[in-house]
Amino acid sequence: MDFQSASTELTGAIKKGASGTDAEGHNAESVSGENSTGPLVRIVENISPLRKQVHFFRAITVHLLAQRAGIAPTISLVERLPFYLIASLLSAPAMAKVWMLLTDPFADIRAGIPKEILWGTVVFELWLAFENLRIRDQRVLASIDVSTFSAFAIFAGVRWALGYASCGCAGNFEVPPWFFLLIDIGIVLGFLSSALRRSLVFDGWHELANWWNGWSAAARGRLAGLLFFVGFIGFLQLPIAATLRASVFGELPILATVKLDGELIVGKESVGNVEIWNRSGRPAKIIGLERSCKCFGLTEGPIAKIIAPNGHISVSLVISPENPGPLHQRIVLFLDHPTQFRMDIDVFGSVKGVE
Numbered sequence: 002m003d004f005q006s007a008s009t010e011l012t013g014a015i016k017k018g019a020s021g022t023d024a025e026g027h028n029a030e031s032v033s034g035e036n037s038t039g040p041l042v043r044i045v046e047n048i049s050p051l052r053k054q055v056h057f058f059r060a061i062t063v064h065l066l067a068q069r070a071g072i073a074p075t076i077s078l079v080e081r082l083p084f085y086l087i088a089s090l091l092s093a094p095a096m097a098k099v100w101m102l103l104t105d106p107f108a109d110i111r112a113g114i115p116k117e118i119l120w121g122t123v124v125f126e127l128w129l130a131f132e133n134l135r136i137r138d139q140r141v142l143a144s145i146d147v148s149t150f151s152a153f154a155i156f157a158g159v160r161w162a163l164g165y166a167s168c169g170c171a172g173n174f175e176v177p178p179w180f181f182l183l184i185d186i187g188i189v190l191g192f193l194s195s196a197l198r199r200s201l202v203f204d205g206w207h208e209l210a211n212w213w214n215g216w217s218a219a220a221r222g223r224l225a226g227l228l229f230f231v232g233f234i235g236f237l238q239l240p241i242a243a244t245l246r247a248s249v250f251g252e253l254p255i256l257a258t259v260k261l262d263g264e265l266i267v268g269k270e271s272v273g274n275v276e277i278w279n280r281s282g283r284p285a286k287i288i289g290l291e292r293s294c295k296c297f298g299l300t301e302g303p304i305a306k307i308i309a310p311n312g313h314i315s316v317s318l319v320i321s322p323e324n325p326g327p328l329h330q331r332i333v334l335f336l337d338h339p340t341q342f343r344m345d346i347d348v349f350g351s352v353k354g355v356e
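The opening residue of the sequence shown carries number 2 in the working numbering; numbering runs sequentially from there.
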């Protein structure tokens with residue numbers, strides 16, 4: 002029996018009971034006549050508290066039936082507004098990142114995050130925004146929101162502490178990390194600002210723990226394996242995992258090594274050297290070039306140069322940083338080669354402020 006039918010039967014039974022009581026009172030009046038006014042008054046007085054008890058037990062029964070049927074309690078518009086606001090705060094940056102990923106070949110340079118991780122973040126943000134619009138379980142959703150925005154706050158705080166001009170949260174829009182840090186902290190504090198809201202969050206975590214405890218060992222193992230696989234793939238995209246990535250997927254035959262001379266200072270021109278190695282048995286001709294920033298480039302035009310089989314060429318690099326903090330720029334060389342059509346020259350460094 003579903004919730005609607007149970008509620009309908011319960012309402013009919015209550016109405017039937019009420020009509021029966023009224024009929025009994027009417028019969029008592031007709032039998033007793035005018036001499037039974039006292040007992041009739043007492044019967045009428047007892048009907049009112051009886052109806053109050055019926056309404057009370059009816060409300061309790063409806064609530065229990067709703068819980069048994071798995072129907073979430075009604076949430077008012079005022080209670081929904083924070084979740085709707087969170088959905089908009091998640092959707093806007095996600096769509097900005099999608100636009101950047103689809104239109105900017107150097108999206109990972111702009112955001113400072115590998116493209117694979119950016120796409121994963123976009124999918125998660127859009128999913129969480131959709132859940133904030135649905136609000137299937139207010140407790141679980143509140144706990145997920147608190148955990149998510151706590152992680153976002155840690156990420157924005159670390160980027161700010163490292164000196165990044167942007168956290169990459171808004172795509173190509175240069176928004177400072179402290180701005181998103183304040184938003185993330187504000188949302189977390191909003192959920193923890195009162196005892197009632199804290200109870201909602203803690204109940205959500207408890208409900209998630211109950212879900213986890215209710216799963217079989219096989220289901221837990223599959224989920225843990227999936228999370229480990231996704232985390233490992235994400236780790237392989239980081240610059241620090243370049244050696245491990247090469248050992249897992251193999252190295253490309255044509256690679257470049259970059260060496261910078263001296264320190265990088267804002268507004269000051271620095272030079273370096275780029276060695277391009279061809280470890281294949283076929284020559285490679287450079288047919289095109291693209292760079293992520295006009296603040297640096299190769300002094301000797303490499304276009305039309307040929308890298309001999311098992312040979313290398315050297316070109317000079319000039320860079321004039323525009324902003325302090327961590328630096329990551331890229332030059333893409335397009336090649337005429339049977340197995341590799343492009344090669345990335347990534348420039349990493351740390352830029353100091355004006356002396």
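Backbone N, C-alpha and C define an ideal beta-carbon position, used for all residues, glycine too.
Item	Value
Cβ pair residue 141, residue 205 closer than 7 Å	yes
Three-pair Cβ contact test at 8 Å for the region 311 to 321 versus the region 152 to 167	no
Segment contact, 8 Å Cβ cut-off, at least three pairs: the region 280 to 293 with the region 260 to 270	no
Residue 124 versus residue 301 - alpha carbon distance	42 Å
Contacts around residue 109, its chain only, beta-carbon distance under 8 Å, and the 5 residues preceding and following it disregarded	115, 116 and 119
Status (buried if at least 16 other CB within 10 Å, exposed otherwise) for residue 132	buried
Beta carbon of residue 171 nearer than 7 Å to that of residue 97	yes
Limits of the alpha helix (DSSP H) - the one that residue 213 falls within	196 to 215
Simplified DSSP state of residue 139, which is helix, strand or coil	helix
Beta-carbon proximity check, residue 304 vs residue 335, cutoff 7 Å	no
Top-ranked residue by Cα proximity to residue 239, from 113, 84 and 198	113
Range of the contiguous alpha helix (DSSP H) that encloses residue 269	From DSSP, residue 269 is part of no alpha helix (DSSP H); its letter is neither H nor E.
Residue 258: first and last residue of the uninterrupted beta strand (DSSP E) it sits in	255 to 261
Simplified DSSP assignment, three categories, for residue 292	strand
Close Cβ partners of residue 105 (< 7 Å) along its chain, the five nearest in sequence each way excluded	111 and 173
Spatial distance of residue 202 from residue 241 (CA atoms)	36 Å
Cβ separation of residue 88 and residue 134, assumed to be a contact under 8 Å, to the nearest whole Å	5 Å
Cβ-based neighbour list, residue 341, same chain, cut-off 8 Å, excluding 5 preceding and 5 following	253, 254, 255, 281 and 285
Which residues DSSP lists as bridging residue 330, in chain order	348
Candidates 143, 129 and 333: closest to residue 80 by CA position	143
Residue range of the unbroken alpha helix (DSSP H) whose run includes residue 92	78 to 104
Beta-carbon contacts of residue 91 that lie in its chain and below 6 Å, excluding the five residues immediately before and after	126, 129 and 130
CA nearest to the CA of residue 311, picked from 296, 276 and 333	276
For residue 209 and residue 216, the rounded distance between their alpha carbons	11 Å
Beta-bridge pairing of residue 298 - partner residues as DSSP gives them	319
Residue range of the unbroken alpha helix (DSSP H) whose run includes residue 182	178 to 192
Rounded C-alpha distance that separates residue 168 from residue 160	6 Å
Alpha-carbon spacing of residue 227 relative to residue 350, whole angstroms	35 Å
DSSP three-state assignment for residue 286, whether helix, strand or coil	strand
Status (buried if at least 16 other CB within 10 Å, exposed otherwise) for residue 207	exposed
Extent of the continuous alpha helix (DSSP H) to which residue 242 belongs	Run containing residue 242: none; DSSP gives neither H nor E here.
Near the ligand ZN: residue 264 beta-carbon under 6 Å from a heavy atom	Summarising the ligand content, the structure contains no ligands, and the ligand ZN is consequently not present.
Proximity to residue 299 [Cα-Cα], best of 337, 347, 237 and 309	347
Rounded straight-line distance, which links the Cα of residue 103 to that of residue 84	29 Å
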